[in-house]
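Each number in our numbering corresponds to the 1-based position in the sequence shown with 45 added. Don't be surprised by glycine CBs; every beta carbon is placed ideally from N, CA and C. Have a look at the structure below before the remarks.
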Amino acid sequence: KNEGADCKSIKFNRYIDPFVGGGAVFRHLKPSKSILSDVNEELIAFYKCLKLFPEELYNEVNNYFNNHSREFYYSTRATLEKGDIKIAARFLYLNYTCYNGIYRVNKSNLFNVPIGDRSSYHYGIEDFISKSNLLRGCDIKSQDFRKTISEAKQNDLLYIDPTYVTKNNKTFNKYSPKVFSWDDQVDLSILLQLKHGEGVNIIISNINDSEIRDLYSASKGWSHKPLNRANVLKYKATRKKYKEIIISNI
């Protein structure tokens, strides 16, 4: 991510990401102290297991991929596992082999993405151990973004990459049963304005829309950097494109 490169030159105490998802910026920066959070409980369970039990998780993940087939995929999708390592391994297997790597659940919090084209898995035990070491200084939490942002202190770095939602249009936001709404976007901007006043470093990646830009106006201390690239919403057959913007107080 371009925003990851922008973060490299910033001096900060802790890196805090309340919408961690795949953690691309975290992996780019490799901070020694961080808070990573998300409302996706299975994602957080995966990160916790990767941090604490990389070898056990690797072995369990291999068991899933060794049995991969269309029948096994849909059987696994329909079966909820018990035990942290099995839950984490199931999460990785489904997310890796599903259509376009989409994580989507229904209102009952059940994963409902069809099978995709990928069947081989090329990561080794050394990859799991390397990522485990990277997570060593992380406080990993399953919680709402409001709670995570409230923990940010002066000179911390908040990286914010929420679901791209505007007032009248919704993009893909069914990562959890609780849909991220326009009201959440407004709450987010209010919280970040407060943290701006407390001396927290903030970088936001969002959709380049006038409604979003209005929430973070220059008069309130925010700079805007439109990105030239257009991201693609993979879950849509039409491959809808949208523009992004980086908003910052740095």
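Where do the N-terminal and C-terminal ends of the beta strand (DSSP E) with residue i fall, by residue?
i      : result
Ile194 : Run containing Ile194: none in the beta strand (DSSP E); it sits in the alpha helix (DSSP H), 190-195.
Ser187 : 183-187
Tyr166 : Element bounds for Tyr166: n/a, residue is neither H nor E.
Tyr60  : 60-62
Select from the options the residue whose C-alpha is nearest the C-alpha of residue i.
i      : options                        : result
Ser264 : Lys288, Glu289, Leu88, Gln238  : Gln238
Ile247 : Leu179, Phe91, Ile292          : Ile292
Ser175 : Asp62, Phe57, Arg72            : Arg72
Leu179 : Gly66, Arg135, Tyr92, Phe64    : Tyr92
Asn157 : Leu125, Asp172, Asp129         : Leu125
Ser250 : Gln230, Glu243, Ser82, Gly242  : Gln230
Thr142 : Glu101, Val150, Tyr166, Phe57  : Tyr166
Ile185 : Tyr109, Val65, Asn58           : Val65
Glu105 : Asp129, Ser120, Val84          : Asp129
Ser139 : Ile55, Ser226, Leu88, Gln199   : The displayed chain sequence assigns Leu, not Ser, to residue 139. For Leu139, the nearest C-alpha among the options comes from Leu88.
Leu233 : Tyr168, Gly244, Ile257, Asn253 : Ile257
Arg181 : Glu171, Val210, Gly146, Leu97  : Leu97
Leu102 : Gly169, Thr193, Asp228, Ser268 : Gly169
Gly68  : Asn200, Leu81, Asn58, Arg59    : Leu81
Glu289 : Trp267, Gln188, Ser255, Gly266 : Ser255
Asp206 : Asn108, Ser153, Val70, Asn58   : Val70
Ile132 : Tyr109, His113, Ile147, Lys152 : Tyr109
Ala90  : Asn112, Phe57, Gln199, Ala134  : Ala134
Asn107 : Asn85, Phe136, Lys127          : Phe136
To the nearest angstrom, how far is the alpha carbon of residue i from that of residue j?
i      : j      : result
Pro99  : Pro271 : 38 angstroms
Lys75  : Glu116 : 39 angstroms
Phe190 : Asp62  : 9 angstroms
Ala197 : Leu260 : 20 angstroms
Lys78  : Thr211 : 32 angstroms
Tyr280 : Asp162 : Bear in mind that the predicted position of Tyr280 carries a pLDDT of just 37, short of 50, making it unreliable; the figure below should be weighed with that in mind. Answer to the nearest angstrom: the Cα atoms are 14 angstroms apart.
His241 : Asn213 : 27 angstroms
Thr208 : Phe225 : 7 angstroms
Cys94  : Val150 : 21 angstroms
Tyr204 : Tyr60  : 7 angstroms
Val267 : Gln199 : The residue asked about is misnamed: residue 267 is Trp in this sequence, not Val. Approximately 17 angstroms, taken between the alpha carbons.
His113 : Ile235 : 46 angstroms
Tyr144 : Ser262 : 38 angstroms
Gln188 : Val245 : 20 angstroms
Asn111 : Glu243 : 51 angstroms
Lys152 : Lys192 : 23 angstroms
Ile147 : Asn154 : 14 angstroms
Would you call residue i buried or exposed, if buried means 16 or more other Cβ atoms sit within 10 Å of its Cβ?
i      : result
Arg122 : buried
Ile295 : exposed
Ser164 : exposed
Thr283 : Because Thr283 sits at a pLDDT of 42, beneath the cut-off of 50, its placement in the model cannot be relied upon, and the point is left open.
Pro159 : exposed
Asp83  : buried
Ile252 : buried
Tyr119 : exposed
Ser54  : exposed
Ile194 : buried
Leu202 : buried
Asn85  : buried
Lys56  : exposed
Ser177 : buried
For the alpha helix (DSSP H) holding residue i, just list the boundary residues, first then last.
i      : result
Ile132 : 129-142
Ile205 : Element bounds for Ile205: not the alpha helix (DSSP H) but the beta strand (DSSP E), 202-205.
Asp172 : 170-179
Ile89  : 86-97
Ser79  : Not the alpha helix (DSSP H): Ser79 falls in the beta strand (DSSP E), residues 79-83.
Ser120 : 115-123
His73  : 69-74
Entirely within the stretch 235-262 and at least 3 residues each: give me those beta strand (DSSP E) ranges in chain order.
-> DSSP runs (the beta strand (DSSP E)) wholly in the stretch 235-262: 246-252.
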